[in-house]
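Peer 1: Pasting a structure below so you can have a look.
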Amino acid sequence: MSSSGSRTGSETPSLDTYTRAAEAAAAVVIRSYSTSFGLATRLLPSRQRRHVQNIYALVRVADEVVDGVAAEAGLDPVSTAASLDALENEVEAALGSGYSTDLIVHAFARTARATGFGVELSAPFFASMRADIVEVEHTPESFATYIYGSAEVVGLMCLAAFLEGRRVTVSKRDELQRGARALGAAFQKVNFLRDLAADFRTLGRSYFPDVRVDNFDEATKIRLLDDLDADLRVASSIIPGLPRGSRRAVAIAHGLFAELSRRIRAVPAERLIETRVSVPDPVKLRIVARALLTSGRLA
Numbered sequence: 001m002s003s004s005g006s007r008t009g010s011e012t013p014s015l016d017t018y019t020r021a022a023e024a025a026a027a028v029v030i031r032s033y034s035t036s037f038g039l040a041t042r043l044l045p046s047r048q049r050r051h052v053q054n055i056y057a058l059v060r061v062a063d064e065v066v067d068g069v070a071a072e073a074g075l076d077p078v079s080t081a082a083s084l085d086a087l088e089n090e091v092e093a094a095l096g097s098g099y100s101t102d103l104i105v106h107a108f109a110r111t112a113r114a115t116g117f118g119v120e121l122s123a124p125f126f127a128s129m130r131a132d133i134v135e136v137e138h139t140p141e142s143f144a145t146y147i148y149g150s151a152e153v154v155g156l157m158c159l160a161a162f163l164e165g166r167r168v169t170v171s172k173r174d175e176l177q178r179g180a181r182a183l184g185a186a187f188q189k190v191n192f193l194r195d196l197a198a199d200f201r202t203l204g205r206s207y208f209p210d211v212r213v214d215n216f217d218e219a220t221k222i223r224l225l226d227d228l229d230a231d232l233r234v235a236s237s238i239i240p241g242l243p244r245g246s247r248r249a250v251a252i253a254h255g256l257f258a259e260l261s262r263r264i265r266a267v268p269a270e271r272l273i274e275t276r277v278s279v280p281d282p283v284k285l286r287i288v289a290r291a292l293l294t295s296g297r298l299a
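Each residue of the sequence shown is one higher than the one before, starting from 1 at the first, in the UniProt record's numbering.
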């Protein structure tokens, strides 16, 4: 297998060039939309970095469809749903063929085929994205399903990229998958808390069951933070078991999410629904330095 991206030695020069262009497009997406995730990704080995960029780009495109870009372009909910359906159909076809005329879909499909995942992960993801098109308040059951499809499967996709070509026992893989799902869930939950007011007032969504801006109080905030911090603890426990090349990047992502959780905990509930908490750049750099030192000791 070639060392470049998700390409294989059997690819023709023309397909190889096309795949390179697709992966370059995916890299632009992550640079345009994510500073924290992009920062962690840059520390991955080049092959894994391209895989994660390819995954992120597809996830971001689908997320933008349902989070307002389609509406801003003039699409009504029915047309938005049709656009998402078309994207999913294109992804499913590309997972089978290894090719798409859509550069982002092509890059994603090459990564999926190279690392061994398919519709078992992409289908739950699109189901959760579809739930965002209609204004909804979740039940505990629908929330768990939504978190799995929107975040946990993304963690599983990234883990597949980290483990590509490695022999891993069933028990070890199960342990790593549990941590990958927990980190994805924590990432999603902390974002929901940070964006609570905007999600409810602008997008008409209330992700946490029975939680709205008009009944959000300190006890509710603490309960939700305790839940996501439990996910972070599970995720932290598996970082030493990751391949060395991906350990630093995951430690940085974990550190950034944990810091955001701590900062949200320090903000009173009544202020949290009026402001968006973030991690300052100097603090991000300290987290990166700490993760580099810690992961080095674990090597």
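Yeah, the Cβ is synthetic: ideal placement off N, Cα and C, and Gly gets one too.
If you draw a straight line from the C-alpha of residue 240 to the C-alpha of residue 250, how long is it?
Peer 2: 10 Å
Peer 1: Under the rule that 16 or more other beta-carbon atoms within 10 Å means buried, what is residue 110, buried or exposed?
Peer 2: buried
Peer 1: Quick test of your reading: residue 263 and residue 277, contact by CB under 8 Å. State the CB separation rounded to the nearest angstrom.
Peer 2: 5 Å
Peer 1: With a CB to CB cut of under 6 Å and the five nearest residues on each side skipped, what residues in its chain are close to residue 303?
Peer 2: With the chain running from 1 to 299 in the structure shown, residue 303 is simply not present.
Peer 1: Buried or exposed for residue 2, going by 16 or more other Cβ atoms inside 10 Å?
Peer 2: Note on residue 2: pLDDT 39, under 50, position unreliable in the model; no value is reported.
Peer 1: When you compare each of 158, 185, 272, 214 to residue 243 by their alpha carbons, which one comes out closest?
Peer 2: It is 158 whose Cα lies nearest to the Cα of residue 243.
Peer 1: Tell me the residue span of the alpha helix (DSSP H) that contains residue 35.
Peer 2: From DSSP, residue 35 is part of no alpha helix (DSSP H); its letter is neither H nor E.
Peer 1: Going by C-alpha to C-alpha distance, which of 225, 174, 139, 125 sits closest to residue 190?
Peer 2: 225
Peer 1: Could you please give the first and the last residue of the uninterrupted alpha helix (DSSP H) stretch that includes residue 145?
Peer 2: 140 to 147
Peer 1: Excluding sequence positions up to five away, which residues of its chain have a Cβ less than 6 Å from the Cβ of residue 49?
Peer 2: The residues are 41.
Peer 1: Just to confirm before moving on: does the CB-CB distance between residue 229 and residue 261 stay below 8 Å?
Peer 2: yes
Peer 1: What is the rounded straight-line gap between the Cα of residue 126 and the Cα of residue 113?
Peer 2: Here the alpha carbons of residue 113 and residue 126 stand approximately 18 Å from one another.
Peer 1: Relative to the C-alpha of residue 245, which candidate in 17, 291, 259 has its C-alpha closest?
Peer 2: 291
Peer 1: Determine whether the beta carbon atoms of residue 273 and residue 192 lie at a separation below 8 Å.
Peer 2: no
Peer 1: Looking at the structure shown, is residue 5 part of a helix, part of a strand, or coil, going by DSSP?
Peer 2: Note on residue 5: pLDDT 44, under 50, position unreliable in the model; no value is reported.
Peer 1: Please report the straight-line C-alpha distance between residue 52 and residue 33, rounded to a whole angstrom.
Peer 2: 14 Å
Peer 1: For residue 300, list the residues DSSP reports as bridge partners.
Peer 2: There is no way to answer for residue 300, as the model of the chain reaches only from 1 to 299.
Peer 1: Grab the span of the alpha helix (DSSP H) containing residue 237 for me, first residue to last.
Peer 2: 218 to 238
Peer 1: Which parts of the region 42 to 91 are runs of the alpha helix (DSSP H), unbroken and 4 residues or longer, counting only runs that do not cross its ends?
Peer 2: 46 to 64
Peer 1: Which residue marks the beginning of the alpha helix (DSSP H) containing residue 247, and which one marks its end?
Peer 2: 244 to 265
Peer 1: Check whether the region 165 to 172 and the region 140 to 149 are in contact - that is, three or more C-beta pairs closer than 8 Å.
Peer 2: no
Peer 1: What distance in whole Å lies between the Cβ atoms of residue 107 and residue 25, which are believed to be in contact at a cut-off of 8 Å?
Peer 2: 7 Å
Peer 1: Ends of the alpha helix (DSSP H) at residue 104?
Peer 2: 103 to 115
Peer 1: Relative to the C-alpha of residue 196, which residue among 183, 186, 212 is closest?
Peer 2: 212
Peer 1: Put residue 16 into one of helix, strand or coil per three-state DSSP.
Peer 2: helix
Peer 1: Tell me which residues share the same chain as residue 123 and place their Cβ nearer than 7 Å to its Cβ, disregarding the 5 neighbours each side in the sequence.
Peer 2: none
Peer 1: Taking residue 248 as the reference, which of 84, 289, 47, 214 has the closest Cα?
Peer 2: If we check each option's Cα against that of residue 248, 289 comes out closest.
Peer 1: Looking at residue 61: is its Cβ nearer than 8 Å to the Cβ of residue 104?
Peer 2: A Cβ-Cβ contact shorter than 8 Å links residue 61 with residue 104.
Peer 1: What would DSSP say about residue 280, mapped onto helix, strand or coil?
Peer 2: coil
Peer 1: I need the straight-line Cα distance from residue 59 to residue 293, nearest angstrom please.
Peer 2: 31 Å
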